[in-house]
Amino acid sequence: MSSPFCNFIRSTIGRKILMALTGLVLVLFVMGHMLGNLQIFLGAEVINAYAYQLHYELPTAALWGIRLFLLACVAVHIWAAVSLTLDNKRARPDSYAAEKPVQATYASRTMRISGVILLAFIIFHIAHYTARVVPGMQYEEPGVLSPTEVPLVKGGEMVLKDGQPVMTFNVNDMMVAGFQVWWVSAFYIIATGLLCMHLAHGVSSMFQTVGLRNKIWRKRLDLVALAYGWVVFIGFAVIPLAVLTGLLQMDPTGGLGEEVAAITETIQK
Amino acid sequence: MEKTMNLTLKVWRQKNAATDGQFVEYPLKDVSEDSSFLEMLDILNEELVEQGKEPVAFDHDCREGICGTCSMTINGTAHGPQRATTACQLHMRHFHDGQTITIEPWRAKPFPVMKDLIVDRTPFDRIMQAGGFITGRAGSAVEANAMPIPKGTADYAMDAAACIGCGACVAACPNASAMLFTAAKVAHMNSLPQGKPEKDRRALAMVTTMDGEGFGGCTNIGECEAVCPKEISLDMIAQLNRDYAAAQVKSFFKAV
Numbered sequence: 003m004s005s006p007f008c009n010f011i012r013s014t015i016g017r018k019i020l021m022a023l024t025g026l027v028l029v030l031f032v033m034g035h036m037l038g039n040l041q042i043f044l045g046a047e048v049i050n051a052y053a054y055q056l057h058y059e060l061p062t063a064a065l066w067g068i069r070l071f072l073l074a075c076v077a078v079h080i081w082a083a084v085s086l087t088l089d090n091k092r093a094r095p096d097s098y099a100a101e102k103p104v105q106a107t108y109a110s111r112t113m114r115i116s117g118v119i120l121l122a123f124i125i126f127h128i129a130h131y132t133a134r135v136v137p138g139m140q141y142e143e144p145g146v147l148s149p150t151e152v153p154l155v156k157g158g159e160m161v162l163k164d165g166q167p168v169m170t171f172n173v174n175d176m177m178v179a180g181f182q183v184w185w186v187s188a189f190y191i192i193a194t195g196l197l198c199m200h201l202a203h204g205v206s207s208m209f210q211t212v213g214l215r216n217k218i219w220r221k222r223l224d225l226v227a228l229a230y231g232w233v234v235f236i237g238f239a240v241i242p243l244a245v246l247t248g249l250l251q252m253d254p255t256g257g258l259g260e261e262v263a264a265i266t267e268t269i270q271k
Numbered sequence: 704m705e706k707t708m709n710l711t712l713k714v715w716r717q718k719n720a721a722t723d724g725q726f727v728e729y730p731l732k733d734v735s736e737d738s739s740f741l742e743m744l745d746i747l748n749e750e751l752v753e754q755g756k757e758p759v760a761f762d763h764d765c766r767e768g769i770c771g772t773c774s775m776t777i778n779g780t781a782h783g784p785q786r787a788t789t790a791c792q793l794h795m796r797h798f799h800d801g802q803t804i805t806i807e808p809w810r811a812k813p814f815p816v817m818k819d820l821i822v823d824r825t826p827f828d829r830i831m832q833a834g835g836f837i838t839g840r841a842g843s844a845v846e847a848n849a850m851p852i853p854k855g856t857a858d859y860a861m862d863a864a865a866c867i868g869c870g871a872c873v874a875a876c877p878n879a880s881a882m883l884f885t886a887a888k889v890a891h892m893n894s895l896p897q898g899k900p901e902k903d904r905r906a907l908a909m910v911t912t913m914d915g916e917g918f919g920g921c922t923n924i925g926e927c928e929a930v931c932p933k934e935i936s937l938d939m940i941a942q943l944n945r946d947y948a949a950a951q952v953k954s955f956f957k958a959v
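In order, the protein sequence lines correspond to chains A and B.
So the first sequence is residues 3 to 271, counted in our numbering.
So the second sequence is residues 704 to 959, counted in our numbering.
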């Protein structure tokens with residue numbers, strides 16, 4: 003246990019650097035995920051085609067490679083946080099009678115609790131929309147969401163294979179149906195709000211941990227972190243809000259609308 | 704006319720490291736606003752001695768803010784409410800008549816309370832012994848201008864060297880982290896040509912010792928910088944992180 007790498011991850015700074023690097027991966031992922039999600043506003047066919055691209059056009063090995071890499075990052079991030087927190091609590095078992103922070107921000111002092119709630123959210127979110135195993139929200143039961151399969155549309159045209167339309171999962175309706183449940187939407191909005199807080203400290207903090215910060219850059223990075231947090235919060239929260247206000251609707255045709263009617267007509271003729 | 708104030712002091716009393724401590728309240732009358740915080744405690748102790756009671760033990764030495772011996776948390780803030788000021792340089796004019804002042808020792812596992820407000824700060828000495836020096840031949844000093852050092856570097860090293868090792872950073876940190884102290888010492892020596900040859904060894908050894916002494920990790924919240932009587936900057940911690948990471952990378956790939 004005394005190889006350079008073991009020494010590195012046993013040290014406080016080493017674990018913090020691991021936390022910063024995995025945090026950076028997750029911070030970038032979150033932005034990509036948000037931009038992907040926002041395509042729902044471009045129409046059901048756009049978000050459905052995007053999901054199809056991720057799931058079927060990307061090689062399965064690559065999809066699972068990315069998923070496992072992200073999960074590994076989450077795992078390392080949490081391991082580092084838990085092990086450092088335990089060390090930190092051991093180092094400071096007693097608090098002051100008159101304990102009060104001089105200047106530390108609320109976000110910086112609540113990283114652990116926001117992190118724990120975010121973990122609960124991530125587990126729920128994966129069960130809800132990726133694995134689709136949340137009871138009553140499988141989105142495949144008749145009546146809840148049907149049909150779940152819609153034709154894949156690209157550039158305004160149905161994609162055909164051997165003369166048959168390629169079918170894809172209707173992600174648009176899954177999202178809308180999911181967010182029509184008010185408490186699900188509330189949980190998503192609260193969780194992304196906490197994510198905003200977590201990032202407001204974390205994004206600037208990771209630069210400090212890898213040594214890329216000074217007095218001038220601290221001010222700038224604090225602002226960048228706050229802005230990043232807010233952008234992510236608004237970008238994510240706007241979708242459940244749009245569903246709750248009725249701006250985003252289910253579209254069982256998967257964005258084909260009139261075209262479906264036309265096709266049906268042609269078939270009937 | 705000199706203003707005076709009546710205070711209620713809530714002081715941590717603890718017989719020794721083996722026993723539990725508790726707060727004891729002492730009323731103190733007619734304290735001059737011109738007296739320093741430690742002079743105020745001297746007045747309290749004189750009264751306690753007159754009453755045949757045990758005086759409050761607290762660390763102090765130079766009483767001019769340069770030695771780093773005084774160490775107490777006043778109303779929850781290490782060295783009290785005045786920024787960039789040690790407890791000995793804090794004056795009673797920053798308090799008001801009728802105020803209750805809570806006085807506690809530094810709270811950190813590696814700094815066990817020895818008696819009342821006195822804690823054992825020898826872990827800092829061991830961090831210094833691990834790398835807070837340069838290896839040089841003793842004897843006649845090198846001519847001061849033989850080694851030109853840019854003004855900016857000299858100023859930066861001087862800012863780092865201003866650390867008096869009082870331990871307020873550890874006391875203020877919710878993780879009892881000694882990062883600001885260690886960073887100041889590393890930044891001081893690693894940025895000067897005399898200290899550069901041992902840069903990597905120093906960063907690795909001092910951080911290993913710091914962790915081994917049981918100090919916590921840094922969560923970049925900046926409370927240490929805010930209470931530091933010498934205003935040591937978080938920039939030093941960034942440098943320590945950088946120097947430590949570079950030293951680790953070099954040790955991964957060093958020739959074997």
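The C-beta atom is built at its ideal place from N, Cα and C for all residues, glycine as well.
Please read these numbers as outputs of a predicted model, since none were measured by experiment.
Assuming residue i is part of the alpha helix (DSSP H), what are its boundary residues?
i	result
B/LEU712	Segment 707-716 is the beta strand (DSSP E) holding B/LEU712; no alpha helix (DSSP H) there.
B/ILE746	740-753
B/ILE830	825-834
A/VAL186	184-211
B/MET913	902-915
A/MET139	Here A/MET139 belongs to no alpha helix (DSSP H), and DSSP marks it neither H nor E.
B/LYS854	854-864
What I want to know is whether the C-beta of residue i ends up closer than 7 Å to one or more non-hydrogen atoms of the ligand MG.
i	result
B/ASP862	This structure lacks the ligand MG, and indeed carries no ligand of any kind.
Would you identify the three-state DSSP class for residue i, choosing helix, strand or coil?
i	result
A/PHE10	helix
A/PHE171	strand
B/THR885	helix
B/HIS782	coil
B/PRO877	coil
A/PRO242	helix
A/LEU147	With a pLDDT of 47 at A/LEU147, under the threshold of 50, the modelled position of this residue cannot be trusted; read the value that follows with caution. Looking at A/LEU147 - three-state DSSP - the assignment turns out to be coil, as it is neither helix nor strand.
A/LEU258	coil
B/THR788	coil
B/ALA949	helix
B/THR776	strand
A/MET252	coil
B/VAL930	helix
B/MET795	helix
In chain B, which residues lie less than 9 Å from residue i when you measure between Cβ atoms?
i	result
A/TYR108	Chain B residues near A/TYR108: none, gap ~11 Å exceeds 9 Å.
A/GLN210	CYS921, ASN923, LEU937, ILE940, ALA941, ASN944
I want to verify the contact list: residues of chain B whose CB lies under 7 Å from the CB of residue i, in sequence order.
i	result
A/PRO6	GLN951, SER954, PHE955
A/LEU216	Here the sequence assigns Asn to residue 216 of chain A, which means Leu is not the residue at that position. Neighbours of A/ASN216 on chain B, chain order: ASP938, ALA941.
Would you mind giving the Cβ-Cβ distance between residue i and residue j, rounded to the nearest angstrom? I have them listed as a contact below 8 Å.
i	j	result
A/SER110	A/HIS203	4 Å
B/ALA760	B/ASP819	4 Å
B/VAL889	B/ALA906	6 Å
A/MET33	A/VAL234	7 Å
B/VAL816	B/GLN717	5 Å
What does a CB cutoff of less than 6 Å around residue i pick up in its chain, not counting 5 residues either side in sequence?
i	result
A/PHE209	ARG215, LEU223
B/MET882	CYS921, ILE940
B/VAL910	TYR947
A/VAL168	LEU154, VAL161
B/GLY919	ASN878, ALA879, SER880
B/PRO813	PRO826, GLU916, GLY917, PHE918
B/ASP733	THR707
A/THR24	CYS75, VAL78, HIS79
A/ILE49	GLN41, ILE42, VAL173, ASN174
Who are the Cβ neighbours of residue i in its own chain at under 8 Å, not counting the five residues just before and after it?
i	result
A/SER187	PHE181, PRO242, LEU243, VAL245, LEU246
A/THR112	MET199
B/ARG904	GLY834, ALA950
B/VAL959	none
A/HIS130	VAL136, MET139, GLY180, VAL186
B/LEU751	TYR729, GLU757, PRO758, VAL759
Given that residue i touches chain A, what residues does it touch there, using C-beta distances under 7 Å?
i	result
B/THR947	Correcting the residue identity first, residue 947 of chain B is Tyr in this sequence and not Thr. Result: ILE15.
B/ALA811	ALA93, ARG94
Cβ closer than 8 Å: which chain B residues qualify as neighbours of residue i?
i	result
A/ILE19	ASN944, ALA948
Name the two residues that bound the continuous beta strand (DSSP E) containing residue i.
i	result
B/PHE726	725-735
B/THR805	803-807
A/LYS91	Segment 62-93 is the alpha helix (DSSP H) holding A/LYS91; no beta strand (DSSP E) there.
B/VAL816	816-818
Only counting the same chain, and skipping five residues up and downstream in sequence, which positions put a Cβ closer than 7 Å to that of residue i?
i	result
B/ALA860	HIS891, SER894, LEU895
A/ARG17	ILE11, ALA82, SER85, LEU86
B/TRP715	GLY724, PHE726, ILE806, GLU807, PRO808, ASP819, LEU820
So with CB distances below 9 Å, who are the chain A contacts of residue i?
i	result
B/PRO877	ASN90, ARG94, SER97, GLU101, PRO103, ALA106, ARG111
Strictly below 8 Å CB to CB, what residues from chain A border residue i?
i	result
B/PHE726	ALA99
B/VAL910	SER13, THR14, ILE15
B/GLY779	TYR98, ALA99, ALA100, GLU101, LYS102
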